[in-house]
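Q:
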């Protein structure tokens, strides 16, 4: 029987390569237990009640005890042992530099459509990490394939109830999924879904559609197979997102992939929407959703707000533009008639979403003195004419906005930059782009910030 503890590695276990590194403190919440104990950034949390946490999941579970013995190493190397009593639901108020303390579980597949393999060499190291870690899936909603899980991983998922997870399915037919992922273990998916169902654990699924490979009848089969796990009081499959494959000019030669075009988008929309009617009757909602890109590529209006239920796949591009438009509607309900000082502002977005956002731009331009110009850009960097906003790079901005009158301010969506660092996907930094464009840049994180930047 597997004997690994469910919430970490014993402090007194034999040292080895599998021993987690200490959790490095990045921030301390004012007024928290951690602040009262004197924690500071740079402190290293080694163990809790004699257990080394492997990740934030272990750490949260270990901190659920009312009596804690913390072993901490400060930046000078001195070891401290702190005994505390607290309520079971009180956290320590500590933020950490990493979510995983024993290393990232990387992907063992060779999908020809993998975006990481479609990047140029020579960029920052983190852009080439192939994350396929079930813990990050649980913590942050990143997608995994289930092909690299060990027996201990499956046991931990069950014991710690790590649910829901987010699973890249792509196809349910075993041979086709194995072909897509170039991994024989990929053919075990239906058995794995039965495992989730038996234990009342759940997933959200995604299918990346590659024209001529897993679209058409293969897509319909996949959705119907997944729907077999979508019923009951505790469905194993909570939702499915259908997204188009993204291809760049850096992809390997002879990968056999073709980009999605307008006819393919129209066919895929028709096929999925035909299934949605039956899913609504069975599950109470469409259950399998098309990402916004399909409608934009097909030149069709986005579905109405009510069709997205509670946006279970918004982070995967399903309803994200509809939600953003809804937020913009709220933020523009009470606009002033005019600005005290006239201003000209540019707002950069990906070309694919420009048309959808233009009506809101026209509404804002009704404010006397506000000249707001939408700047929908392609991406020469990736070799894509129709691109979502989040994939625009610094060089795309420099090329696409060169010699344009951008006014006195450029609004830049925060999704173009690395989280916590002002750097684009091509490693150009925000200050470099701002200097070369010769206009101040205001980074905006949402609809309300866009409107506020226009009006203030």
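In the working numbering, the protein residues as written are 3 to 458. Cβ atoms here follow ideal geometry from the backbone N, Cα and C, with glycine treated the same way.
#1: Per the DSSP calculation, residue 57 is bridged to which residue(s)?
#2: May I ask you to report which of helix, strand or coil DSSP gives residue 395?
#3: Could you tell me whether the Cβ atoms of residue 111 and residue 147 are closer together than 8 Å?
#4: Spatial neighbours of residue 178 within its chain, please: C-beta separation below 7 Å, excluding the five flanking residues on both sides.
#5: Quick one, which of 330, 385, 129 and 429 has its alpha-carbon nearest residue 261's?
#6: With DSSP as the reference, please indicate the residues paired to residue 291 in a beta bridge.
#7: With distances taken from CA atoms, which of 303, 150, 279 and 134 is nearest residue 323?
#8: Go ahead and pull the three-state DSSP assignment for residue 87.
#9: Per the contact definition of three or more C-beta pairs closer than 8 Å, is the segment 114–127 in contact with the segment 135–147?
#10: Of all the beta strand (DSSP E) runs that stay within the bounds of the segment 396–452, which reach a length of 3 or more residues?
#11: Hey, which unbroken runs of the beta strand (DSSP E) at 3 residues or more fall wholly within the segment 249–321?
#12: If we ignore side chains and look at the alpha-carbon of each, how far apart do residue 281 and residue 452 end up?
#13: Helix, strand or coil for residue 78 per DSSP?
#14: Name, in chain order, the residues that DSSP records as bridge partners for residue 190.
#15: Of all the alpha helix (DSSP H) runs that stay within the bounds of the segment 119–175, which reach a length of 4 or more residues?
#16: Between the segment 370–385 and the segment 444–451, are three or more C-beta pairs nearer than 8 Å?
#17: Write down the C-beta distance between residue 376 and residue 295 rounded to the nearest angstrom, noting that I regard them as a contact closer than 8 Å.
#18: Compute the beta-carbon to beta-carbon distance between residue 211 and residue 247, rounded to the nearest angstrom, for a pair I have assumed lies under 8 Å.
#19: Quick one: residues in its chain with C-beta nearer than 6 Å to the C-beta of residue 358, no 5 flanking neighbours on either side, listed in chain order?
#20: Can you look up residue 234 in the DSSP assignment and give me helix, strand or coil?
#21: Could you name the residues of the same chain whose beta carbon sits closer than 8 Å to that of residue 271, not counting the 5 residues immediately before and after it, in chain order?
#22: Quick one: give me the first and last residue of the alpha helix (DSSP H) that residue 224 is part of.
#23: My understanding is that residue 206 touches residue 241, with C-beta atoms under 8 Å, so please give their C-beta distance in whole angstroms.
#24: Name the one or two DSSP bridge partners that residue 112 has.
#25: My understanding is that residue 348 touches residue 412, with C-beta atoms under 8 Å, so please give their C-beta distance in whole angstroms.
#26: Hey, is residue 250 close to the ligand SAH, as in C-beta under 7 Å from one of its heavy atoms?
#27: Checking 8 Å against the spacing of the C-beta atoms, do residue 208 and residue 243 come in under that value?
#28: If you measure between the beta carbons of residue 104 and residue 45, is that distance less than 8 Å?
#29: Between the C-alpha atoms of residue 369 and residue 410, what's the straight-line distance to the nearest angstrom?
#30: If residue 97 sits next to residue 28, beta carbons under 8 Å apart, how far is it from one beta carbon to the other, in whole angstroms?
#31: Go to residue 107, then tell me how far its beta strand (DSSP E) extends in each direction, as first and last residue.
#32: Counting C-beta neighbours from all protein chains within 10 Å, is the total for residue 185 16 or more, i.e. buried, or is it exposed?
#33: Using a 10 Å radius around the Cβ and a threshold of 16 neighbouring Cβ atoms, would you call residue 54 buried or exposed?
A: Here's the rundown:
#1: 102
#2: coil
#3: yes
#4: 216 and 220
#5: 385
#6: 243
#7: 303
#8: In the displayed model, residue 87 falls within a strand according to three-state DSSP.
#9: no
#10: Restricting attention to beta strand (DSSP E) runs no shorter than 3 residues, the segment 396–452 encloses them at 411–415 and 443–446, ordered along the chain.
#11: As far as the segment 249–321 is concerned, its whole beta strand (DSSP E) runs of at least 3 residues are 290–292.
#12: Approximately 37 Å between the Cα atoms of the pair.
#13: Three-state DSSP puts residue 78 in coil, outside helix and strand.
#14: None; residue 190 has no bridge partner.
#15: If we require 4 residues or more, the alpha helix (DSSP H) runs fully inside the segment 119–175 come out as 136–142 and 153–161.
#16: no
#17: At roughly 18 Å, the Cβ-Cβ gap does not stay under 8 Å, so residue 376 and residue 295 are not in contact.
#18: The Cβ separation is near 6 Å, so the contact holds.
#19: Within its own chain, the residues whose Cβ lies closer than 6 Å to the Cβ of residue 358, once the five positions on either side in sequence are excluded, are 323, listed in chain order.
#20: coil
#21: If we look at residue 271 and ignore the five residues flanking it on each side, its Cβ neighbours are 292, 296, 297, 300 and 302.
#22: 218–229
#23: 5 Å
#24: DSSP lists no partner for residue 112.
#25: 5 Å
#26: By its list of ligands, the structure shown contains no ligand whatsoever, and the ligand SAH lies outside what it can speak to.
#27: yes
#28: Not in contact: residue 104 and residue 45 (Cβ atoms no closer than 8 Å).
#29: The alpha-carbon atoms of residue 369 and residue 410 are separated by roughly 17 Å.
#30: 5 Å
#31: Segment: none, residue 107 is in no beta strand (DSSP E) and carries neither H nor E.
#32: buried
#33: Flag for residue 54 reads buried.
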